[in-house]
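One structure is given here, and the rest of the page talks about it.
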Amino acid sequence: MSLIHWKPEFELGLAPMDDTHREFIDRLDRLDQCPDADFLSELDAFIEHTRHHFEQEWDWMRGSMFPPLNCHHSEHDNVLDLMLQVRADVARGDIPLGRTLVKELLPWFENHAATMDTALASWIGQTGYPAEARKVA
Numbered sequence: 025m026s027l028i029h030w031k032p033e034f035e036l037g038l039a040p041m042d043d044t045h046r047e048f049i050d051r052l053d054r055l056d057q058c059p060d061a062d063f064l065s066e067l068d069a070f071i072e073h074t075r076h077h078f079e080q081e082w083d084w085m086r087g088s089m090f091p092p093l094n095c096h097h098s099e100h101d102n103v104l105d106l107m108l109q110v111r112a113d114v115a116r117g118d119i120p121l122g123r124t125l126v127k128e129l130l131p132w133f134e135n136h137a138a139t140m141d142t143a144l145a146s147w148i149g150q151t152g153y154p155a156e157a158r159k160v161a
């Protein structure tokens with residue numbers, strides 16, 4: 025049974041961001057549910073999606089001149105660095121560590137979306153910046 029699923033409170037009112045976040049949650053759930061034999065390849069796909077997800081938000085932050093862009097961008101960098109460190113351990117056979125990462129990413133996402141991404145979505149709405157969706161892998 026899946027413990028990771030999209031919740032209405034994740035909706036931020038910025039369609040391209042909401043779509044990317046929905047995909048993030050779907051991929052995180054897929055990673056949580058996959059068998060050990062597929063974990064590394066699913067983790068790689070999740071990391072690649074996350075990289076594109078963060079790049080999309082970085083484009084919006086720079087393009088809209090979002091005031092706290094450095095703080096937001098630094099958090100993205102830290103999370104991605106952690107994913108890559110855990111990925112190296114998973115490649116050496118530590119799948120339980122990878123599964124712990126999955127469990128910890130959900131509360132991180134919930135907090136990040138409720139704070140930093142809410143601020144970004146609000147800023148984009150206030151400034152009228154055209155936050156077009158880019159293809160997120």
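Sequential numbering from 25 applies to the sequence shown in the numbering used here. Ideal Cβ positions, reconstructed from N, Cα and C, are used throughout, including at glycine. These figures come from a predicted structure and were not determined experimentally.
### Message
So, under 8 Å CB-CB, residue 78 and residue 147 are touching, yes? Tell me the CB distance rounded to an integer number of Å.
### Response
Actually they are not in contact, since the Cβ atoms of residue 78 and residue 147 sit about 17 Å apart, beyond 8 Å.
### Task
Would you mind sorting residue 124 into buried or exposed? The rule is 16 or more other CB atoms within 10 Å of its CB.
exposed
### Query
Can you name the start and end residues of the alpha helix (DSSP H) that residue 107 belongs to?
For residue 107, the enclosing alpha helix (DSSP H) covers residues 93-115.
### Query
DSSP three-state call for residue 145: helix, strand or coil?
Three-state result, residue 145: helix.
#### Entry: C-beta atoms of residue 75 and residue 66 nearer than 9 Å
It is not a contact, given that the beta carbons lie outside the stated cut-off.
### Task
Closer than 7 Å by C-beta to residue 30: which residues in its own chain qualify, once you throw out the five before and the five after it? Chain order, please.
For residue 30, same chain residues with a beta-carbon under 7 Å away, outside a window of 5 residues either side, are 46, 49 in chain order.
### Task
Go through its chain and collect everything with a Cβ distance to residue 28's Cβ below 7 Å, but skip five positions before and after it.
49, 52, 53, 56, 130
#### Entry: Validate contact between the region 80-95 and the region 150-157 using beta carbons, cut 8 Å, 3 pairs
yes
### Message
Along the chain, where does the alpha helix (DSSP H) containing residue 81 start, and where does it finish?
### Response
60-88
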